[in-house]
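Take a look at the structure below.
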Amino acid sequence: MRSIINYLKDIFLGVRSLLKGMKVTSKYFWSPKSIVTEKYPENRKTLVMLERSKGEVIMPHNDKNEHHCTGCGICQINCPNGSIEVISKIIDTEDGKKKKIIDKYIYKLGQCTFCGLCVKTCPSNALAFSTKFEHAVFNKAHLIKVLNKPGSQLMKGVEQ
Amino acid sequence: MLTSFGIINYLSAQSGPWWKVFYDFTSLTKNIDASLHNTMSPFWTTVTELVIVGVLFILFYAVIGLFLVYAERKVCAFIQNRLGPNRIGPYGIFQTVADLIKLLFKELIPIKNADHFLFNLAPYIVIIVNFMVLAAIPYALGVHAIDLNIGIFYVIAVSSMSVIGVLLAGWSSNSKYSLLGAMRSGAQIVSYELSVGLALATVVVLAGSMQLSVIVEGQRTGWFIFKGHIPAVIAFVIYIIAGTAETNRGPFDLAEAESELTAGYHTEYSGIKFAFFYLAEFINMFIVASIAATIFFGGWMPLHFGANNGFNRIMDFIPPVIWFFGKTFFLIWIIMLFKWTFPRLRIDQLLTLEWKYLLPINIVNLLVMAFIVLMGWHF
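Residue numbers (this note's numbering), protein chains in the order written: chain L, 1 to 160; chain P, 1001 to 1379.
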């Protein structure tokens, strides 16, 4: 007798869980507000990308045209396929010492895998991701970008 | 030309407004038949009528197939909170046509050591079986191609022949994965046919006849799912589950699970032959839904409660064709919901479900229904 009761209980609980599942999916079916597809390119003007989405690596500069990059080259070491090239130069400082600063920061957008290791491992937080994603160009040379702006220099106070 | 002559004859001789034809097609078909008889010998009349019905069914098959493929993608997309095809044509309605053109362009790869005759024959078997079943279903009052007195028995018997197509496809592909998929699919179809047959037998007990037009007529005072209360509801649930399992659809699609057996029995098929299998699966789903709509929900019969009251007259206002397709598409929606809600069943879970749960419940249900009909405890 026990086994018959267990059998019927199995069936009843099974059918109830199936109906619960079907209720959820039919609720999603009947609510067009729950659709998350963005109709690109029709919505280009109002498109807001999520702030964590990875579009491109940039080096943020503040109003005085200063950045945080010390030219250490840790991002170049950590990049898995060599999309970063840090070119640094030695200059003389005011107190006569020789200091290495960044000359050109070359970022090859065409090769980048968007893994984010450069942003994560930078000790001075010099790099960040921007949400710009429309990168198609007709000339491959335009995909090799120099990230530090001309005339910019290292912000005071960022440690060496 | 001759049928249009019959249609003009009918239109000029009718006594009511033109839209009355949608409520009763028999006068239109009788007129076409009479005009054909007047102009040709009986043999050629029969041939012409067969050709006309054949062409209509081929068109119906193609249109329903295209519509169902599009509907499946849209239903699936809405359930998953996305849009589905929306670029080709307004709201993406021409997506299936584009897919069909792509499939037509594909190369038909012949297999080296395969049995060529059986390999090419297999898709046609499933298509022919589908046509044979589609002919027996009553679509509206007067639109019933073959009204056999063993209607339901014929439907079950003929739809069992699709197993041959599946097994042939798997065997003649000369590939072990296809063969395994075909074996699994064959076992599944054959097991679930038992449940389908017994669920239909339950309704035959309630209706008293296997002829589909008699079954639909018998629901003039109420649909069978209301008349035979508890056993009819249980039979309906069992029929829907066993029906989706029999068409290799929904959570029972192990035989063609893309990530597990490449594509099962139709792995080696490309282009238009694959399109035949794909289309046959959707038309099978339409057949299961339309048989369920006919025997449980009254086919083309509007919703009636009791006899001769105002409610019935309001319900009669909607043409029977719309009733039939409305019910069928509602059941198709439910079958699609099954596929996109539930996870896939393993082969042993599938067979356990059939032999240990569905079949015993079915047999007990049949006994209960027979008892209820004998005691007269139905509406």
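Note that the Cβ used here is the ideal one computed from N, Cα and C, for glycine as well.
These figures come from a predicted structure and were not determined experimentally.
- Comparing alpha carbon positions, the residue from L/K33, L/H135, L/M1 and L/I90 closest to L/D103 is L/I90.
- Against chain P, the beta carbon of L/S3 has no neighbour under 7 Å; the closest one sits roughly 12 Å away.
- For P/N1365, none of the residues of chain L pass the 9 Å Cβ criterion, the least Cβ distance being about 13 Å.
- Between the alpha carbons of P/L1350 and L/P41 lies a distance of about 45 Å.
- If you draw a 10 Å sphere on the C-beta of L/S17, you find fewer than 16 other C-beta atoms in it, and that means exposed.
- Contact note: L/S26 reaches chain P through L1337, using a C-beta cutoff of 7 Å and chain order.
- Residue contact with chain L for P/Q1095: absent (no Cβ-Cβ distance below 9 Å to any residue of chain L).
- In this structure, P/S1175 sits near P/I1111, with a CB-CB distance shorter than 9 Å.
- Listed along chain P, the residues sitting closer than 8 Å to L/G21 by beta-carbon distance are T1341 and F1342.
- Around the C-beta of P/W1323, 16 or more other C-beta atoms lie within 10 Å, and the residue is accordingly described as buried.
- When L/S34, L/L109 and L/S3 are compared, the shortest CA-CA separation from L/E134 is found for L/L109.
- L/Y105: member of the beta strand (DSSP E) spanning K98 to K108, first to last residue.
- In chain order, F29 make up the part of chain L whose C-beta sits under 9 Å from the C-beta of P/V1075.
- Counting along the chain, the unbroken alpha helix (DSSP H) around P/V1204 starts and ends at K1176 to A1207.
- If you ignore the 5 residues before and after L/C115, its C-beta comes within less than 7 Å of the C-beta of P80, all in its own chain and listed in chain order.
- Against chain P, the CB of L/S34 has a partner CB under 9 Å away; the residue lies at that interface.
- Residue pairing of L/F129 in beta bridges, as defined by DSSP: L/V57.
- From the beta-carbon of P/R1082, the residues of chain L found nearer than 9 Å are I35, V36 and T37.
- For L/L18, the closest Cβ of chain P is nearer than 9 Å.
- Counting along the chain, L/K145 sits inside the beta strand (DSSP E) bounded by residues I144 to V146.
- Using a Cβ distance threshold of 9 Å, L/L147 and L/L117 do not count as a contacting pair.
- Residue-level contact by beta carbon fails for P/Y1192 and chain L, as no gap is shorter than 9 Å.
- Here the alpha carbons of P/V1129 and P/M1161 stand approximately 7 Å from one another.
- Selection P/A1289, P/I1318, P/T1045 and P/G1170 evaluated against P/A1255 yields P/G1170 as nearest (Cα-Cα).
- Close CB contacts of P/T1267 within its chain, under the 7 Å cut and outside five residues either way in sequence, are with S1173, S1175, Y1177 and S1178 (chain order).
- Interface criterion not met: the Cβ of P/I1230 is under 9 Å from no Cβ in chain L.
- L/L154 carries a strand assignment under DSSP once its states are collapsed to helix, strand and coil.
- Check the Cα spacing between P/E1217 and each of P/E1049, P/V1233, P/H1304 and P/L1200: the tightest is with P/H1304.
- Chain-order list of chain L residues neighbouring P/I1079: T25, Y28 and F29, by C-beta distance under 7 Å.
- Residue state for P/A1062 is assigned as helix, using DSSP reduced to three classes.
- The three-state secondary structure of P/A1293, taken from DSSP, is helix.
- Residue-level contact by beta carbon holds for L/I11 and chain P, with a gap shorter than 9 Å.
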